[in-house]
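Final position of the sequence shown in this note's numbering is 233; the numbers increase by one with none missing. Where is the CB? At the ideal position from N, CA and C, for every residue including glycine. In what follows, a structure is listed as structure tokens, so that the remarks can point back to it.
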Amino acid sequence: MQWSGGELSVRAKGQALSAVLQDISRQTGLQVRGGVQQQDVVRADIGPETLADALRLLLADKNYLFVDGQGARPARLIILGSGGPGTVAISPVAPQPVPSNDPVSQHARALAGRDVAARIEAVERLGELDDERSQSLVTQALSDPNEAVRAVAREALQSRRNRSSAPPPRGASP
Numbered sequence: 060m061q062w063s064g065g066e067l068s069v070r071a072k073g074q075a076l077s078a079v080l081q082d083i084s085r086q087t088g089l090q091v092r093g094g095v096q097q098q099d100v101v102r103a104d105i106g107p108e109t110l111a112d113a114l115r116l117l118l119a120d121k122n123y124l125f126v127d128g129q130g131a132r133p134a135r136l137i138i139l140g141s142g143g144p145g146t147v148a149i150s151p152v153a154p155q156p157v158p159s160n161d162p163v164s165q166h167a168r169a170l171a172g173r174d175v176a177a178r179i180e181a182v183e184r185l186g187e188l189d190d191e192r193s194q195s196l197v198t199q200a201l202s203d204p205n206e207a208v209r210a211v212a213r214e215a216l217q218s219r220r221n222r223s224s225a226p227p228p229r230g231a232s233p
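Shown next as structure tokens:
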């Protein structure tokens with residue numbers, strides 16, 4: 060695999076898709092969420108292509124959402140599962156500034172909007188907060204009409220459960 064000048068080349072001859080995605084993530088900064096099956100094997104000669112086009116070719120039989128990075132934000136790939144050709148969604152991140160100092164209110168407005176990428180971003184940020192309002196909003200996102208938003212909400216709630224069940228760090232007072 061080679062990442063150069065914003066273009067990706069992938070030469071894979073029977074490698075696990077998970078290993079190829081890890082390598083792509085390591086070299087490009089792409090954040091990968093969701094899973095692939097252990098038996099998913101890649102035989103591909105792709106590129107040089109843009110990251111979005113290379114992923115489209117590499118993941119032709121998967122349902123996924125690719126959110127292109129913007130500014131300091133890295134690109135994200137959310138794998139939803141197996142599908143078929145034509146099941147790819149590519150969406151740029153275009154969050155709209157919201158005049159409020161309350162991050163939960165800002166994310167709540169984004170969740171109510173039509174922009175899927177902004178809703179995913181809101182669920183991710185709300186999942187990082189540890190208050191009841193944010194947890195309630197993430198739980199509501201489980202009913203979002205978009206599968207990618209629901210998948211991110213499930214991950215956020217699982218991550219929150221893992222954080223709450225983890226033992227306190229050594230030396231921390233109870």
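Excluding the 5 residues preceding and the 5 following residue i in the sequence, name in chain order all residues of the same chain whose CB lies nearer than 8 Å to its CB.
i	result
residue 81	91
residue 139	93, 121, 122, 123, 124, 206, 207 and 210
residue 219	186, 189, 194 and 197
Under a Cβ-count criterion, where at least 16 other Cβ atoms within 10 Å of its own Cβ denotes burial, should residue i be classed as buried or exposed?
i	result
residue 78	exposed
residue 65	exposed
residue 176	buried
residue 187	exposed
residue 212	buried
residue 215	buried
Report all residues from its chain with a CB closer than 7 Å to the CB of residue i; omit the five preceding and five following residues, and keep chain order.
i	result
residue 62	86 and 87
residue 167	196
residue 105	68, 69, 113, 116 and 117
Just how far apart, CA to CA, sit residue i and residue j?
i	j	result
residue 134	residue 226	32 Å
residue 169	residue 101	37 Å
residue 173	residue 120	26 Å
residue 72	residue 103	7 Å
residue 60	residue 221	34 Å
residue 164	residue 206	23 Å
residue 68	residue 127	18 Å
residue 109	residue 217	32 Å
residue 162	residue 179	15 Å
residue 145	residue 190	The predicted model places residue 145 with a pLDDT of 35, which falls under 50 and marks its position as unreliable, so this point remains unresolved.
residue 181	residue 83	25 Å
residue 112	residue 183	25 Å
residue 201	residue 136	19 Å
residue 199	residue 116	34 Å
residue 114	residue 98	19 Å
Please go through the same chain and pick out, in chain order, the residues whose beta-carbon is closer than 6 Å to the beta-carbon of residue i, but skip the five residues on each side of it.
i	result
residue 194	none
residue 192	163
residue 203	209
residue 107	66 and 68
- request: Return the chain-ordered ranges of every alpha helix (DSSP H) run that is complete within the region 73-115 and spans a minimum of 4 residues.
  value: Every alpha helix (DSSP H) of 4 residues or more that sits fully in the region 73-115 is shown, in chain order, as 76-87.
message: Could you tell me which whole alpha helix (DSSP H) segments of length 4 or greater appear in the region 160-193?
response: You should have 162-170 and 175-187.
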